[in-house]
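Working notes for the structure below.
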Amino acid sequence: MCALFFVNIIRIVSLIPVKSSQLQPMKRSIRPLVILSFLFLFSCHSVHKIVVPQPSYLSISLDSRGMAVNGSLIPNSWTLKDFEAAMGTADSISGTAKTGNVVHIYNKFGVIMFETPLNKKPSGIIKEVMFMFTPEDNGFDQPRNMFSGELTIGSGKISKNTTPEKLKAQFVNWKHCDGPSMGHWYEFYNDNLFIYCAFNDSDNQLIWIDVGLMANHSPC
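Adding 2 to a residue's 1-based position in the sequence shown gives its number in the numbering used here.
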């Protein structure tokens, strides 16, 4: 669209009849228009973000290697670019780097990604990924749908009906923290990842699972 605008400006200028005696004055008169056109074209390309299509289905696997999305292991640098290559571009973005995390929301998948700020600007680094299983008012925008894909930890699949006891059985070779001070939160971690699991007051319904890199985290 921006390029088409610029091409049309050139076409319009080329169609204007000009006598040789008028050429130099006209060059001076159209120079600002050409400069503005270049600036407009540059600004369009600068702010334009390439939208990566989302896959039709999302399969997540968490193990000692890290996080795999649809069979592809996300490098442990956890860049936004790597996540978007696997999951596509988020449906919406809320929050600002000036006030806190930039929140990338995937409505179709029920997934939220938190991009950490750097000097009050988006860093391009994902801090945590949250999978929503049950609606909750937790202070930031929610996806329209709950998690609809497949989430596997070890050899077991996770659903909203997974209990803390089932989770502990599936986290083979993971360390974990729980107890009265944690309330209905449970933390599991290995050398690469930490995982927070939040349950309802009866501990019989999973609300969300939040995953991040251990390199940026101190375990309980």
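A virtual CB, placed ideally from N, CA and C, is assigned to each residue, including glycine.
Euclidean distance between Cα positions of A217 and S204:
32 Å
Measuring alpha carbon to alpha carbon, tell me which of D143, G68, T81, A88 ends up nearest P57.
A88
Taking the Cβ atom as the reference point for each residue, do G224 and L82 lie within a distance shorter than 8 Å?
Outside the shown range of the chain, which is 3 to 222, sits residue 224, and nothing can be said about it.
Would you decide whether Y296 is buried or exposed? Buried here means 16 or more other CB atoms lie within 10 Å of its CB.
There is simply no residue 296 to check, as the chain begins at 3 and stops at 222 in what is shown.
Contact belief for N194 with L215 at Cβ below 8 Å, rounded distance in angstroms
7 Å
Please state whether DSSP places M148 in a helix, a strand or coil.
coil
Using a Cβ-Cβ cut-off of 7 Å (strictly less than) and excluding sequence neighbours within five positions of V213, which residues of its own chain qualify?
L64, M69, E130, V131, L195, I197
Let's test the definition: count the other Cβ atoms within 10 Å of the Cβ of E117 and tell me whether it reaches 16, buried, or not, exposed.
buried
Cβ of M115 within 8 Å of Cβ of W210?
no
Taking F111 and G151 to be in contact with their CB atoms under 8 Å, please state how far apart those CB atoms are, rounded to whole angstroms.
6 Å
Rounded C-alpha distance that separates D84 from N192
22 Å
With distances taken from CA atoms, which of H219, L169, G97 is nearest K123?
G97
Terminal residues of the alpha helix (DSSP H) in which K110 lies:
Taken as a continuous stretch (DSSP letters only), K110 belongs to no alpha helix (DSSP H), as it is neither H nor E.
For V53, count neighbouring Cβ atoms within 10 angstroms of its own Cβ and tell me buried if that reaches 16, exposed if not.
exposed
Under the assumption that D93 contacts I76 (Cβ atoms under 8 Å), give the Cβ distance between them as a whole number of angstroms.
Contact flag wrong, Cβ pair sits at about 20 Å.
Just curious, the beta strand (DSSP E) that K123 is in, first and last residue?
123–134
Rounded separation between G185 and K168 - CA only:
18 Å
Sorted by chain position, which residues of the same chain lie with C-beta nearer than 8 Å to V105's C-beta, five sequence neighbours on each side aside?
I95, S96, G97, I114, M115, F116, E117, F142, D143
Around the Cβ of L208, are there at least 16 other Cβ atoms within 10 angstroms (buried) or fewer (exposed)?
buried
Would you mind sorting G174 into buried or exposed? The rule is 16 or more other CB atoms within 10 Å of its CB.
Contrary to the premise, residue 174 reads as Val rather than Gly in this sequence. It is exposed - the Cβ of V174 has fewer than 16 other Cβ atoms within 10 Å.
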